[in-house]
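Here the structure is laid out as structure tokens; the discussion comes afterwards.
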Amino acid sequence: MNTKEYFGTGAIQNISEILKSINSKNIFLVRGKSSYETSGAEKLLEEILKWYNVNYFSDFTENPKLTDVIKGMDSFIETQSDTVLAVGGGSVIDIAKSVNVLSYQTNSPEQILKGESEIVRKGKPLIAVPTTSGAGSEATHFAVVYSGDKKYSLAHEYILPDYSVIDPQLTFSLPKEITATSGIDAFSQAMESYWNVNANEESRKYSTEAIQLIFDSLSKAVNEGDEESRINMSRAAHLAGKAINITKTTAPHALSYFMTSHFGVSHGQAVCISLGEFLEFNFEVTEDDINEGISTGEIKAKLLELAKLCDCKDIDELKRNINELIISAGLKTKLSELNIRGEESIKLISENVNTERLKNNPRKLTKENIVKILSNIS
Ligand SMILES: [Fe+2]
Numbered sequence: 490m491n492t493k494e495y496f497g498t499g500a501i502q503n504i505s506e507i508l509k510s511i512n513s514k515n516i517f518l519v520r521g522k523s524s525y526e527t528s529g530a531e532k533l534l535e536e537i538l539k540w541y542n543v544n545y546f547s548d549f550t551e552n553p554k555l556t557d558v559i560k561g562m563d564s565f566i567e568t569q570s571d572t573v574l575a576v577g578g579g580s581v582i583d584i585a586k587s588v589n590v591l592s593y594q595t596n597s598p599e600q601i602l603k604g605e606s607e608i609v610r611k612g613k614p615l616i617a618v619p620t621t622s623g624a625g626s627e628a629t630h631f632a633v634v635y636s637g638d639k640k641y642s643l644a645h646e647y648i649l650p651d652y653s654v655i656d657p658q659l660t661f662s663l664p665k666e667i668t669a670t671s672g673i674d675a676f677s678q679a680m681e682s683y684w685n686v687n688a689n690e691e692s693r694k695y696s697t698e699a700i701q702l703i704f705d706s707l708s709k710a711v712n713e714g715d716e717e718s719r720i721n722m723s724r725a726a727h728l729a730g731k732a733i734n735i736t737k738t739t740a741p742h743a744l745s746y747f748m749t750s751h752f753g754v755s756h757g758q759a760v761c762i763s764l765g766e767f768l769e770f771n772f773e774v775t776e777d778d779i780n781e782g783i784s785t786g787e788i789k790a791k792l793l794e795l796a797k798l799c800d801c802k803d804i805d806e807l808k809r810n811i812n813e814l815i816i817s818a819g820l821k822t823k824l825s826e827l828n829i830r831g832e833e834s835i836k837l838i839s840e841n842v843n844t845e846r847l848k849n850n851p852r853k854l855t856k857e858n859i860v861k862i863l864s865n866i867s
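Note that the sequence shown covers residues 490 to 867 in the working numbering.
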């Protein structure tokens, strides 16, 4: 299965043709509470959507919970919608994917989330329209759902959107803080895809370009908000999404979910905080702690190649540049700056790591390693 992609300023107009081509009549429009209007999407879609019956759904929280997904499923089924149109950030596109696919399974959402039963049917055609430059959810075949403090990831080719429409103009009025947190999420995803045990030539082509674009444009997009750097960030976030669609993510994402669910740290901030440490940690991999799927020689050579591509002479300089990038976007590099303090907090995070993503990390992690990495950024 492939996603049909539309990219560029004005790309949103293609939705008219897409809706006609799939014979839509009754649209389930999943939208952010305020971003739908502030991004300009509402105005741009007005002319296109006036010919259709549109059922709106925005009754969910950031980092959507299972209870939100179930609410969405009730409404989706009740309205008998024939098309899903998701317009918003990563959370909006993720919940649209979950609602759509889970509504068409024979087993309950709980059973599927816990991995007790499989996804066996596809949902309705889904059109994903990002209004941030971050998660790249429009390009991936997975969706995050929280239940309690736990994070689950649905993954299946049926979850991949049928259409992705990336129109950078929807990000032109994005507030500074969201530009920063979503952009640094894209950066972390590209880095983690690059050093991933599942990386291949295609994924590294996407991740390398995303990393270079973000080094060039993130700080400018946040601090000046000019159109050129925002267009670059839109492209970078989409490429990072395509990269993790092949590889998935690694340790920084695995450590981040509990920081988000328990300490309320935004996703982008939570993932980037350990990125520099993991770059160094992964570069120091030995034959004794290499994970399956990659060799020590390959990962070291690839990381050095990446440093060169980012105009750095070595891994130390790349690590410094990553931390400078985070700070230049107005984000933090220390846990204490996020009010996460003390050994107890570090212990709590290390005990609640989402182990699913750790096997994608090139270097195996022990509990001691995780505590050490968290202490280095405390
Ligand atoms: Fe992410």
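Even for Gly, the Cβ is constructed at its ideal location relative to N, Cα and C.
All values derive from a computational prediction rather than experimental measurement.
For residue j and residue i, the rounded distance between their alpha carbons
{"i": "TYR593", "j": "ASN810", "result": "46 angstroms"}
{"i": "ILE703", "j": "SER587", "result": "29 angstroms"}
{"i": "ASP800", "j": "ILE700", "result": "12 angstroms"}
{"i": "LEU798", "j": "LEU518", "result": "41 angstroms"}
{"i": "LYS493", "j": "SER825", "result": "43 angstroms"}
{"i": "SER718", "j": "GLN658", "result": "12 angstroms"}
{"i": "ASP563", "j": "SER671", "result": "30 angstroms"}
{"i": "ILE601", "j": "ILE762", "result": "31 angstroms"}
{"i": "ASN589", "j": "THR620", "result": "20 angstroms"}
{"i": "ILE838", "j": "SER745", "result": "9 angstroms"}
{"i": "ASP805", "j": "SER864", "result": "19 angstroms"}
{"i": "TRP540", "j": "ASN515", "result": "10 angstroms"}
{"i": "PRO650", "j": "ILE616", "result": "6 angstroms"}
{"i": "PHE496", "j": "VAL760", "result": "26 angstroms"}
Residue(s) in a DSSP beta bridge with residue i
{"i": "PRO619", "result": "GLY577"}
{"i": "GLU766", "result": "Answer by DSSP bridge pairing: none, since GLU766 is not bridged."}
{"i": "PHE446", "result": "With the chain covering 490 to 867 only, the question about residue 446 has no answer from this structure."}
{"i": "ARG520", "result": "VAL576"}
{"i": "ASN542", "result": "ASN515"}
{"i": "TYR652", "result": "LYS493, ILE616"}
{"i": "ILE816", "result": "DSSP output for ILE816 lists no bridge partner at all."}
Cβ-based burial, residue i [other Cβ within 10 Å; buried from 16]
{"i": "PRO697", "result": "For the record, residue 697 in the displayed sequence is Thr; it is not Pro. Burial call: buried."}
{"i": "GLY753", "result": "exposed"}
{"i": "ASN689", "result": "exposed"}
{"i": "ARG830", "result": "exposed"}
{"i": "MET490", "result": "exposed"}
{"i": "LYS640", "result": "buried"}
{"i": "LYS808", "result": "buried"}
{"i": "GLU766", "result": "buried"}
{"i": "THR822", "result": "buried"}
{"i": "ASN849", "result": "buried"}
{"i": "SER580", "result": "buried"}
{"i": "GLY637", "result": "exposed"}
{"i": "ILE720", "result": "buried"}
{"i": "ALA726", "result": "buried"}
{"i": "THR855", "result": "exposed"}
{"i": "ALA790", "result": "exposed"}
{"i": "TYR695", "result": "buried"}
{"i": "THR572", "result": "buried"}
{"i": "GLU605", "result": "exposed"}
State whether the segment 532-547 contacts the segment 661-676, with contact taken as three or more CB pairs (one from each stretch) at a distance under 8 angstroms.
-> Segments in contact, no.
Inter-stretch contact at 8 angstroms, needing at least 3 Cβ pairs: the segment 522-529 / the segment 681-689 = no
With a cut-off of 8 angstroms, do at least 3 Cβ pairs link the segment 827-847 to the segment 726-744?
-> Because the criterion of three Cβ pairs below 8 angstroms is met, the segment 827-847 and the segment 726-744 touch.
How do the segment 727-738 and the segment 616-633 stand: do at least 3 beta-carbon pairs fall below 8 angstroms, yes or no?
-> yes
Do the segment 540-559 and the segment 604-623 make contact, defined as three or more Cβ pairs closer than 8 angstroms?
-> Between the segment 540-559 and the segment 604-623 there are fewer than three inter-stretch CB-CB distances shorter than 8 angstroms, so the stretches are not counted as touching.
Test item, CB below 6 angstroms from any non-hydrogen atom of ligand 1 = ALA624, ASP674, GLN678, HIS742, HIS756, VAL760
Answer yes if the segment 563-570 comes into contact with the segment 637-644, meaning at least three C-beta pairs across the two stretches below 8 angstroms, and no otherwise.
-> no
Specify whether the segment 710-721 and the segment 662-672 touch according to this definition: at least 3 beta carbon pairs, one from each stretch, less than 8 angstroms apart.
-> yes
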